[in-house]
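For the sequence shown, the residue numbers in our numbering are 119 to 201.
Glycine included, each C-beta is placed from N, C-alpha and C at the ideal position.
Note sheet for the following structure.
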Amino acid sequence: MSKIKSEYQDLDKYKNINDDIWYCKKDTYIRHNPYGPAVIYKNGYKEYVIENKLHRLDGPAVICSDGEEQYWINDTELTKEKF
Numbered sequence: 119m120s121k122i123k124s125e126y127q128d129l130d131k132y133k134n135i136n137d138d139i140w141y142c143k144k145d146t147y148i149r150h151n152p153y154g155p156a157v158i159y160k161n162g163y164k165e166y167v168i169e170n171k172l173h174r175l176d177g178p179a180v181i182c183s184d185g186e187e188q189y190w191i192n193d194t195e196l197t198k199e200k201f
């Protein structure tokens with residue numbers, strides 16, 4: 119994985135050989151992005167992560183490449199209805 123220029127001053131940004139993108143807390147490998155998805159795969163899969171935990175309060179924390187959505191808060195999965 120290669121470190122690339124991040125658009126956020128407080129986050130490091132990495133790209134792997136498949137062109138997938140990972141955001142981490144500055145100077146760590148803790149997946150984290152309070153501004154958007156922390157993991158973005160080239161195939162469209164996205165994960166919203168805070169402090170290495172799947173977490174999103176305003177929508178699905180996981181969006182699969184086939185459109186499936188999963189709702190997570192503090193690494194606990196919820197049904198869409200419970201969310």
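Report back the beta-carbon spacing between residue i and residue j to the nearest angstrom; my notes put them in contact at under 8 Å.
i       : j       : result
Val-180 : Glu-169 : In fact, because the Cβ distance is near 16 Å, the residues do not count as touching under 8 Å.
Cys-142 : Ile-135 : Between Ile-135 and Cys-142 the Cβ distance is about 17 Å, and since that is not below 8 Å, they are no contact.
Skipping 5 residues on each side, what residues in its chain have a beta carbon closer than 8 Å to that of residue i?
i       : result
His-173 : Tyr-166, Val-167, Ala-179, Trp-190, Ile-191, Asn-192, Asp-193
Leu-196 : Tyr-189, Trp-190
Cutting at 6 Å between CB atoms, please list the residues of its own chain near residue i, excluding the five before and the five after it.
i       : result
Tyr-159 : Asp-138
Tyr-132 : Met-119, Lys-121, Trp-140
Lys-171 : Asn-192, Asp-193
Gln-127 : none
Could you pull out every residue in the same chain whose Cβ sits closer than 7 Å to the Cβ of residue i, ignoring the five residues on either side in sequence?
i       : result
Gly-185 : none
Pro-155 : Lys-164, Glu-165, Tyr-166
Select from the options the residue whose C-alpha is nearest the C-alpha of residue i.
i       : options                            : result
Asn-151 : Ile-135, Glu-199, Ser-124, Asn-134 : Ser-124
Thr-146 : Asp-130, Lys-198, Ile-135          : Asp-130
Ser-183 : Lys-164, Glu-199, Ile-135          : Lys-164
Asp-176 : Tyr-126, Asp-128, Lys-198          : Lys-198
On the DSSP letters alone, give me the boundaries of the beta strand (DSSP E) that residue i sits inside.
i       : result
Asp-138 : Unbroken run through Asp-138: none, as it is neither H nor E.
Glu-129 : Glu is not the amino acid found at residue 129; the sequence shown has Leu there. It spans 129-133 - the beta strand (DSSP E) in which Leu-129 sits, taken as one unbroken run.
Ser-183 : That residue, Ser-183, is in no beta strand (DSSP E); it is neither H nor E in DSSP.
Lys-121 : 120-122
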